[in-house]
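**Q** Could you have a look at this structure, given as structure tokens, before my questions?
See below:
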């Protein structure tokens, strides 16, 4: 009887020990000590029974997700699903992890499984649609060139880069000293500090001789400091600080209620910074962080999870009037989503850059830009590859010219967790070489079309479609609106100068029946042509063609089950023209 008893006692003790390790891991997770939780869970997984391994595996996946380690999260969510009886959200998180590591095909499959299990949540279909769209986004030619700034980076994280006088200021959790005693349990690294390095714009190709140093004085305290923002004159600063609060109502004195981001402001006078004071926006009920002043210091953008927002974290602004800040204003649904928007940056010309994990993107956080037009934010524009990737890309800042700057990313190939990258807009080559005689071909500069975005001169090619911008119609209508006439007038001027013949085609998105869409697009094309003919253009020089949904320019095919965003549907609702004949002008050679 002794041997079975000893074996039973061993099993009981092993079960008790494993249960205690899982309980300890849960406690560490409530304290945001995810690295400590992982250590406990690794022990529990080795010794626990199937039920305990199932629970510990899910907790392990959650830890890595919360640490933004999507490669590890992908591995552990996959293991949890293989144990069986997986809750719907596990498929969602696995889909996120797969998308954020570039496996779009498998990510789409997991997200659609989640959608079938939780049809009330629109995010499953939404992100699955993004996975389809990435295939087309990756074909777009790159607008920017990028380079890892290796002299700025470390094995830890660097982000929050801004231009600071003749230098660069950024945030990092690198070890300042060889033996850093205090560690942050969330990441296992040191606490965030502000660092500064000299910067020479002309040396942006090599970045060889930069030695970042901690910012001395009041800016780096015992807890997290950074990112920070400054006005143009460098006499006002607002710093992001992360604080924690203990819940005094709990019997466990070590229980931490929450971590909160707060803003602290400071002024410089006679070369000295005042002691940072809590900004009036700061609260003990929600976080306020990621400050971004406009260069003139009159508008402050910031991020918060305060009640009343659209999602996890939203971008807000306050405006300084007569020396006093206004009440916070949410930037609205054009900027903010059901996900997380963060890391705003304001330029000299009024552009806003920010990161989002829910606007159409490649995965993780992507960087977007938006412009304020007549008091309203235009639809955000994804900066595309290579600035954006399937990983987290965020915290972009430009110099005063706006054509180069820095951003951070945790993509593979870097030195650490988050690395700083330099970017510069590519100089677009002139498509029509100067030594070639193109005087007989109509120049695109005479048109207000999509190709106006290319600043260098090009020529219009035979049978190539060109999109006419700003041709809008009221719902279910085909009459030309007043705001569309300027674009059509540009086409009229082209036809007055050159004896070309044109086909004008109208396209719809995939919603509605095929027959209805074809009929509606034909009527819209005919309406546009009627306007052009009314300006004196000969009837036999222009043809109307309604294509309906037969020539979608992206993958938004409703009858194929593809889920798309409204902006993607908008891309398909377009009016195009093609030069189908050069005319009989003797200066135009035959093709």
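In the numbering used here, the protein residues as written are 2 to 592. Glycine residues also receive a C-beta, built at the ideal position from the N, C-alpha and C atoms.
For residue 343, which residues does DSSP report across the bridge?
**A** 356
**Q** Using beta-carbon positions only, say whether residue 371 and residue 336 come within less than 8 angstroms of one another.
**A** yes
**Q** Starting from residue 149, trace the beta strand (DSSP E) in both directions and tell me its first and last residue.
**A** Counting along the chain, the unbroken beta strand (DSSP E) around residue 149 starts and ends at 145-149.
**Q** Distance check for residue 271 and residue 95, CA to CA, integer angstroms please.
**A** 54 angstroms
**Q** Apart from the five residues just before and just after residue 87, which ones in its own chain have a Cβ nearer than 8 angstroms to its Cβ?
**A** Closer than 8 angstroms at the Cβ level, and outside the excluded window around residue 87, lie 81.
**Q** Are the CB atoms of residue 269 and residue 226 nearer to each other than 8 angstroms?
**A** no
**Q** Give every residue of the same chain whose Cβ lies closer than 7 angstroms to the Cβ of residue 515, excluding the five residues on either side of it in the sequence, and list them in chain order.
**A** 549 and 550
**Q** What do you reckon, are the CB atoms on residue 293 and residue 302 nearer than 8 angstroms?
**A** yes
**Q** Would you identify the three-state DSSP class for residue 139, choosing helix, strand or coil?
**A** coil
**Q** In whole angstroms, give me the CA-to-CA distance for residue 177 and residue 198.
**A** 15 angstroms
**Q** Which of the three DSSP states is assigned to residue 328 in this structure?
**A** coil
**Q** Please give me, in chain order, every unbroken run of the beta strand (DSSP E) with length at least 3 that falls completely inside the region 395-425.
**A** 405-410
**Q** Have a look at residue 454 and residue 61 and give me their C-alpha separation to the nearest angstrom.
**A** Note on residue 454: pLDDT 31, under 50, position unreliable in the model; the coordinate value appears next. Residue 454 and residue 61: Cα-Cα distance of roughly 48 angstroms.
**Q** With a CB to CB cut of under 7 angstroms and the five nearest residues on each side skipped, what residues in its chain are close to residue 518?
**A** 509, 549 and 550
**Q** By a C-beta neighbour count over all protein chains shown, 10 Å radius and 16 as the cutoff for buried, is residue 249 buried or exposed?
**A** Any reading at residue 249 is ruled out, since the residue's pLDDT is 48, under 50, leaving its predicted position unreliable.
**Q** Quick check on this structure: which residue in 479, 215 and 351 has the alpha carbon closest to the alpha carbon of residue 375?
**A** 351
**Q** Taking all protein chains shown into account, decide if residue 373 is buried (16 or more other Cβ within 10 angstroms of its Cβ) or exposed.
**A** exposed
**Q** Can you tell me the Cα-Cα spacing of residue 100 and residue 314, whole angstroms?
**A** 21 angstroms
**Q** Please go through the same chain and pick out, in chain order, the residues whose beta-carbon is closer than 8 angstroms to the beta-carbon of residue 546, but skip the five residues on each side of it.
**A** 504, 505, 506, 507, 523 and 526
**Q** For residue 582, which residues of its own chain have a beta-carbon under 7 angstroms away from its beta-carbon, when the five flanking residues on both sides are left out?
**A** Counting only Cβ-Cβ distances below 7 angstroms, and skipping sequence neighbours, we find 501 and 502.
**Q** Between residue 75 and residue 418, what straight-line distance do the alpha-carbon atoms span, to the nearest angstrom?
**A** 17 angstroms
**Q** Using a 10 Å radius around the Cβ and a threshold of 16 neighbouring Cβ atoms, would you call residue 573 buried or exposed?
**A** buried
**Q** Quick check on the DSSP output: the alpha helix (DSSP H) that includes residue 1 runs from which residue to which?
**A** Outside the shown range of the chain, which is 2 to 592, sits residue 1, and nothing can be said about it.
**Q** Relative to the C-alpha of residue 44, which candidate in 31, 58, 34 and 32 has its C-alpha closest?
**A** 58
**Q** Check each candidate in 489, 485 and 416 and name the one with the smallest Cα separation from residue 158.
**A** 416
**Q** Can you find at least 3 beta carbon pairs, one from the region 107-124 and one from the region 401-414, that sit closer than 8 angstroms?
**A** no
**Q** In three-state DSSP terms, what is residue 536?
**A** Under the three-state reduction of DSSP, residue 536 is assigned to coil, being neither helix nor strand.
**Q** Helix, strand or coil: how does DSSP classify residue 89 here?
**A** Residue state, collapsed to three classes: helix.
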